[in-house]
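Data first, discussion second: the structure below is written as structure tokens.
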Amino acid sequence: MTRETAITLVQKVMDVECDEDEMARVLDRLDRALACPTGYVSGLIFWPKDGQEPTAAEVVDRALAYQPFAL
1066 MTRETAITLV QKVMDVECDE DEMARVLDRL DRALACPTGY VSGLIFWPKD
1116 GQEPTAAEVV DRALAYQPFA L
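Counting from 1 along the sequence shown, just add 1065 to a position and that's the residue number in our numbering.
Put into structure tokens, the structure is as follows:
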């Protein structure tokens, strides 16, 4: 998935341009395509750590910066 495609999908979720089932599918697709844990992208969108509403590009960039760590 390209960065631009991911931004478009994140914007679609942020603008609530889909029903709940489609939103779940889009978020799952984003998590897999951006190599993030399940629910990571939705957390960036709906519960940002800094309390500021991020742009779609910021969400994608943060997701792309995700680095898994060993337990």
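Where is the CB? At the ideal position from N, CA and C, for every residue including glycine.
Excluding sequence positions up to five away, which residues of its chain have a Cβ less than 8 Å from the Cβ of Cys1101?
-> Leu1095, Ala1128, Tyr1131
Report the option in Thr1103, Ser1107, Arg1097 whose CA atom is closest to the CA atom of Gln1076.
-> Ser1107
Would Val1078 pass as a contact of Leu1092 if the rule is Cβ separation under 8 Å?
-> yes
7 Å Cβ shell around Ile1072 - same chain, five flanking residues per side excluded = Ala1121, Ala1122, Val1125
Span of the alpha helix (DSSP H) holding Tyr1105?
-> 1105 to 1111
Reduced DSSP secondary structure (H/G/I, E/B, other) of Gly1070 = The amino acid occupying residue 1070 in the given sequence is Thr; Gly does not appear at that position. Residue state, collapsed to three classes: helix.
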